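Single-structure report; data block below.
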Amino acid sequence: MALDFSVKLGPLELSTPLMTASGCSGYGKELDRYHDLACYGALVGKSISRKPRLGNDYPRTAETAAGMINAIGLQNEGFDAFVKNTLPKMRGFGPKAVVNVVGHDFDEYVWLCERFDAEEGIAALELNLSCPNVAEGLQFSSEPGPCEKLVAACRKATQLPIIAKLSPNVANIASIAKAAEAGGADAVSAINTLVGMAVNWRRKEPLVANYTGGLSGPAVKPVALRCVWQAANAVKIPVIAIGGISNADDVLEFMVAGASAVQLGTILFVEPDAGQTIYNGLKERMLDAGVKRIADIVGTLKQRA
Ligand SMILES: Cc1cc2nc3c(=O)[nH]c(=O)nc-3n(C[C@H](O)[C@H](O)[C@H](O)COP(=O)(O)O)c2cc1C
8 MALDFSVKLG PLELSTPLMT ASGCSGYGKE LDRYHDLACY GALVGKSISR KPRLGNDYPR
68 TAETAAGMIN AIGLQNEGFD AFVKNTLPKM RGFGPKAVVN VVGHDFDEYV WLCERFDAEE
128 GIAALELNLS CPNVAEGLQF SSEPGPCEKL VAACRKATQL PIIAKLSPNV ANIASIAKAA
188 EAGGADAVSA INTLVGMAVN WRRKEPLVAN YTGGLSGPAV KPVALRCVWQ AANAVKIPVI
248 AIGGISNADD VLEFMVAGAS AVQLGTILFV EPDAGQTIYN GLKERMLDAG VKRIADIVGT
308 LKQRA
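In structure tokens, the structure reads:
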């Protein structure tokens, strides 16, 4: 049976539903050495800001039960260096290039969307609305009003498809997903990390210098699944799942719950070739279950009577 892995995220068409998650595998070259990247429909790079950012003090990561905490602080080379040095390489790996953008404030997001609109070979922009490790980082992801206003301004600034990346650190993720849709987002992705903390009680020290950080990995998967399901039920635009996805069954669980595509994050620190393993696993499971088109299983979760 010939299998069809293609998925449509509004105007963005991907050859497979697998994407990398921002910040977990650089911009492509970090994975290219392990396997052919054709298993990915798109690569999502680490967040890019207008100016270079050095990030937070070290230590910036710590292992936790079934996950990790990070407080990198959005370290990146900034728009100019990224466009000159990194974007040309990112475009050359095969999968579509999705640029994740982050701003300190409203104007920085809009500035970045305008500038990236003029660059060649970008398939979509993902707006990091929700980095919990930066003081200003939560304002656009926690209230529908500011979220809609920001997405609408970005919508005006670029013709590129916009993916609004949502935070789980909110009371009602459905209302934020709706706000992003109302602002003109082509898709939403969920979730970014959960605010967490880890402590060494003997040394009386936090394990990351920032004290708090973002929790990710298998530990957050049930929360992500709940958020994706709630968002998918609230909006008509596609939802991209992120959060603890580590194997082919995880991918299919998120797709049944309503995700049109998925991003691989923390698993890539453990198994850099997880994209290939998961792609192979998806093939096996689709053959097993008689699913020819992976898109057909999106949102097939049974409704209870
Ligand atoms: C070390 C690290 C750095 C991250 N950096 C970013 C980032 O720059 N921008 C962003 O939108 N998300 C960032 N994230 C969040 C991930 O993209 C993802 O949303 C989150 O980790 C949940 O997925 P996972 O459990 O599969 O890792 C980062 C996550 C980790 C672990």
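In my numbering, the protein residues as written are 8 to 312. No residue lacks a Cβ here, since even glycine has one placed at the ideal position from N, Cα and C. Only a predicted model underlies this, so the values are computations on that prediction, with no experimental measurement involved.
Classification of residue i by the beta-carbon crowding that lies within 10 angstroms, buried from 16 upward
| i | result |
| --- | --- |
| Y116 | buried |
| R210 | exposed |
| L81 | buried |
| Q314 | Residue 314 falls outside the range modelled here, since the chain spans only 8 to 312, and no answer is possible. |
| E155 | buried |
| K36 | exposed |
| Y34 | buried |
| Y47 | buried |
| A296 | exposed |
| N287 | exposed |
| P229 | exposed |
For residue j and residue i, the rounded distance between their alpha carbons
| i | j | result |
| --- | --- | --- |
| Q166 | G17 | 13 angstroms |
| K163 | A181 | 24 angstroms |
| A171 | G306 | 20 angstroms |
| A69 | V227 | 15 angstroms |
| D19 | W208 | Checking the displayed sequence, the identity of residue 19 turns out to be Leu instead of Asp. In a straight line, the C-alpha of L19 is about 48 angstroms away from that of W208. |
| A216 | Y65 | 6 angstroms |
| D124 | V206 | 43 angstroms |
| G282 | S148 | 29 angstroms |
| L132 | I183 | 18 angstroms |
| A348 | A302 | In the structure displayed, the chain extends from 8 to 312; residue 348 sits before or after that span and is not available. |
According to DSSP, residues forming a beta bridge with residue i
| i | result |
| --- | --- |
| Q270 | M26 and I249 |
| G74 | T71 |
| K15 | E20 |
| N83 | R60 |
| R300 | D11 |
| V51 | V105 |
| A264 | Paired residues: none, contrary to the question. |
| N314 | Because the chain is modelled from 8 through 312, residue 314 falls outside the range shown and cannot be assessed. |
Near ligand 3: residue i beta-carbon under 7 angstroms from a heavy atom
| i | result |
| --- | --- |
| S54 | With respect to ligand 3, the structure offers nothing, as its ligand set consists of ligand 1. |
heavy atom of ligand 1 below 7 angstroms from residue i C-beta
| i | result |
| --- | --- |
| A216 | no |
| G251 | yes |
| E75 | Reading off the sequence, residue 75 comes out as Met, not Glu. Checking every heavy atom of ligand 1 against the Cβ of M75, one is found closer than 7 angstroms. |
| A9 | no |
| K172 | yes |
| A131 | no |
| N199 | yes |
| V227 | yes |
| S223 | yes |
| N135 | yes |
| A281 | no |
| L61 | no |
| G68 | Checking the sequence, you will find Thr at residue 68 rather than Gly. It does: the Cβ of T68 is within 7 angstroms (strictly closer) of some heavy atom of ligand 1. |
| C120 | no |
| L50 | no |
| C31 | yes |
| N107 | yes |
| L259 | no |
| G319 | Outside the displayed span of the chain (8 to 312) sits residue 319, for which this structure offers no information. |
| I183 | no |
is_contact[residue i, chain C] using C-beta, thresh 8 angstroms
| i | result |
| --- | --- |
| I129 | Judged by its chain identifiers, the structure shown contains no chain C, having just a single protein chain. |
request  = Starting from the N-terminal side, write out each stretch of the alpha helix (DSSP H) that is 4 residues or longer and does not extend beyond the stretch 87-126.
outcome  = Here the runs fully enclosed are 94-97 and 113-124.
task = Mind listing, in chain order, the continuous beta strand (DSSP E) runs of no fewer than 3 residues lying wholly within the stretch 162-224?
result = 169-173, 194-197, 201-204 and 219-223, all fully within the stretch 162-224.
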